[in-house]
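Residue numbers (my numbering), protein chains in the order written: chain Z, 318 to 653; chain C, 17 to 504.
Working notes for the structure below.
Structural data, given as structure tokens:
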């Protein structure tokens, strides 16, 4: 068995967002300030809050987008989703204008407005939200043009995430990051299923009680196996992944059948490789396998390092003295 | 190995060991790795720590519940298991966790069995914290103090030397003496770790506790037995404010013949009664005489007509204080001062061997004559005389410009062939060094060559003295360091 404690720690620091950790809050603040300064939105009780993987500490290097959930508790019911998105566009475009290439920095999307921060190489997604009738959850535009709204509860996921992390001695959040990194490594960024789906699937796996371990390696392998089963169930039987924030609702992957079949196969392979690596006696071989699964980070650096004493190809370095070697050729019981 | 390679090796060893612990179900805690050792007597929870010198030091193992594991000689003062005697290991075998854990399990098995094949290490010292008094307490034969009452007197080099006596009622004269008591604990199966443990083993009639409380006693020397071996430990004791008695270990050691004899080699007892003559106590002969005495020979005759010159010193046993003395007197003084051999046991003859009858006398009165004169005529005289009286000499010399030595047993026993010629005088370096006056040129022999040749000679001499000769004819050995570079 190879647990490679230090290398898992190193891998986690390698995927930890670097400068983005400082830039993301700054970009968020600028968008927030612009929205709060608008009198119309102020009338609606504008109250933005940071959500998304960044907020939940499960984002990995590089952080590309930061989600701002713009709560509008006093939004009159006759303001359509199109109206509010239009208003957001007006406010944000007035504030951020165009970038050096003459492109508008504010871009309209189905549910939100995306503001680009080229100097930070990241985007802020501002999502307007109005209260749901239950007074606890929220609604966001589904398709802005048709005044269709969809229920959501993003802040709930933030608190569920912290609770799950505490219940597993701090292993939940790092495990989500490692699984997101594995997804990115084996599928590539922008491919489906996305990081959010993996996160929610991981949450479900943890919530089912089937994920356990004593260290990062055991948690990683155990979670990867369970998530692989969840993906298999989804692709084979169409069993959706529960949205932990809204009982009864499920989350699906928007992907083609081919993409889904590939996702199922690759995650199954990854889970098997990871299990074999954990069972492997030779630390070098095990590290090589974990290295393959976790790939490279957003800065194109290898995420999982080789343990000391091993070459990059996983073979044992010749200079490492084996325990049987006679480091003292004269042997013991000598006198000097 | 570069430092990177070293770091890599150390990091590898650590992680490799920790992987093994994880596999064995250990989990990392703040201060080490916690896990369970399963052994025939049950299961014990332990903490394993990799210390800073790991892998060049075995891991430390402490039972989590210290008192649940029996105290014995096999535990350190801090409760950790005494797993590996300092010189009891081949390689760094503990770097493989399974082997190490097996060893720990074996410790528990042995402990349960009462340590049947125990090695009697006499190291009660380990079980007491050391005193702040950094002086070295020396004791001699402890049976010399039947009353048990002793004092330690300050001496040079921060020493405290033992003498008999109790603390006088009014003490001013020897105010710096410290008074103590010698207690015999007898066989010690479980090492005592506190004053109560010790006190319980000492006859109450001595009333040590009272003497310690009224400050008439500050030192306790404990004699103990472990298996068939005796040990001793010197402790400092004083009353504490809460009415108890505190104990700390003092640095101490035995200043006895036995302590030295134990280090003189296994043959020292056999050499004790032997008489040896060393003819020629120059460079080679002086070191031969010294090593013979160190090795146990206690009766010597030294013969040489020379005087110690300043230039001799670098290759000679004696120091500058001997310049001007005859070499025999100088060597005798050196041995008497340093080796505790009685002056009466060293006979000196301060002239060169001249006549045959003197040679016959030397041969008949000694068990062995060592000829270190490197003088052709003296060697010839001794050899012929030895053959005539059916004795043997050992003749040693450095040859070939200090690049080899030759040791001859003369005459070789039972008609054995002498060693073949080993001199290659034709290859002598071109320039010889002479000092003012009439004499032989200065030999280019280096001091280390002298001492190596002397040691080899003593080894052959000891072999002959105990009737186990190394070789019937002797030994020649090349000691050169590459080719001699000539100066243009």
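Every residue, glycine too, gets a C-beta built ideally from N, C-alpha and C.
For residue i, the first and last residue of its enclosing alpha helix (DSSP H)
i              : result
residue 176(C) : No alpha helix (DSSP H) holds residue 176(C); the beta strand (DSSP E) holding it covers 175-180.
residue 123(C) : 113-129
residue 343(C) : 343-355
residue 601(Z) : 600-611
residue 99(C)  : That residue, residue 99(C), is in no alpha helix (DSSP H); it is neither H nor E in DSSP.
residue 463(C) : 463-481
residue 158(C) : Note, residue 158(C): premise wrong, no alpha helix (DSSP H); not H, not E.
Simplified DSSP state of residue i, which is helix, strand or coil
i              : result
residue 30(C)  : helix
residue 436(Z) : coil
residue 379(Z) : coil
residue 561(C) : A query on residue 561(C) cannot be resolved here, the shown segment of chain C reaching from 17 to 504 and no further.
residue 456(Z) : strand
residue 530(Z) : coil
residue 371(C) : coil
residue 508(Z) : coil
residue 52(C)  : strand
residue 170(C) : strand
residue 292(C) : strand
residue 401(C) : helix
residue 240(C) : strand
residue 71(C)  : coil
residue 563(Z) : coil
residue 314(C) : coil
residue 627(Z) : strand
residue 322(C) : coil
residue 497(Z) : helix
Contact under 8 Å by Cβ, residue i with residue j
i              : j              : result
residue 158(C) : residue 268(C) : no
residue 408(Z) : residue 358(Z) : yes
residue 292(C) : residue 386(C) : yes
residue 297(C) : residue 284(C) : no
residue 387(Z) : residue 444(Z) : yes
residue 265(C) : residue 235(C) : no
residue 508(Z) : residue 332(Z) : no
residue 594(Z) : residue 328(Z) : no
residue 143(C) : residue 74(C)  : no
residue 421(C) : residue 432(C) : no
residue 536(Z) : residue 544(Z) : no
residue 473(C) : residue 423(C) : yes
Span of the beta strand (DSSP E) around residue i
i              : result
residue 491(C) : 490-494
residue 424(C) : 420-426
residue 348(Z) : Here residue 348(Z) belongs to no beta strand (DSSP E); instead the alpha helix (DSSP H) covers 337-354.
residue 268(C) : 267-270
residue 411(C) : 409-415
residue 155(C) : 152-155
residue 44(C)  : 43-45
residue 450(Z) : Element bounds for residue 450(Z): n/a, residue is neither H nor E.
residue 482(Z) : Residue 482(Z) -> not in any beta strand (DSSP E); alpha helix (DSSP H) instead, spanning 471-484.
residue 425(Z) : 423-425
residue 574(Z) : Taken as a continuous stretch (DSSP letters only), residue 574(Z) belongs to no beta strand (DSSP E), being part of the alpha helix (DSSP H) at 574-596.
Counterpart residues of residue i in DSSP-defined beta bridges
i              : result
residue 442(Z) : 384(Z), 431(Z)
residue 196(C) : 166(C), 235(C)
residue 466(Z) : 458(Z)
residue 62(C)  : 51(C), 79(C)
residue 295(Z) : Residue 295(Z) lies beyond the stretch modelled for chain Z, which goes from 318 to 653, so this question has no answer here.
residue 252(C) : 235(C), 264(C)
Close Cβ partners of residue i (< 6 Å) along its chain, the five nearest in sequence each way excluded
i              : result
residue 478(Z) : 373
residue 366(C) : 342, 344
residue 25(C)  : none
residue 446(C) : Residue placement at residue 446(C) is poorly supported in this model, since its pLDDT is 48, which falls under 50; the coordinates still yield a value, given next. For residue 446(C), where only same-chain residues beyond five positions count, there are no Cβ hits under 6 Å.
residue 368(C) : 321
residue 392(C) : none
Contact set for residue i: own chain, Cβ-Cβ below 8 Å, skip 5 residues either direction
i              : result
residue 383(C) : 290, 291, 292, 481
residue 322(Z) : 532, 533, 534
residue 484(C) : none
residue 456(Z) : 446, 447, 448, 449, 466, 467, 468, 469
The ligand COA heavy atom lying under 7 Å from the CB of residue i
i              : result
residue 578(Z) : The ligand COA is not part of the structure shown, which contains no ligands of any sort.
Other residues of its chain near residue i: CB distance less than 7 Å, five sequence neighbours each side excluded
i              : result
residue 362(Z) : 389, 390, 391
residue 314(C) : 288, 357, 361
residue 257(C) : none
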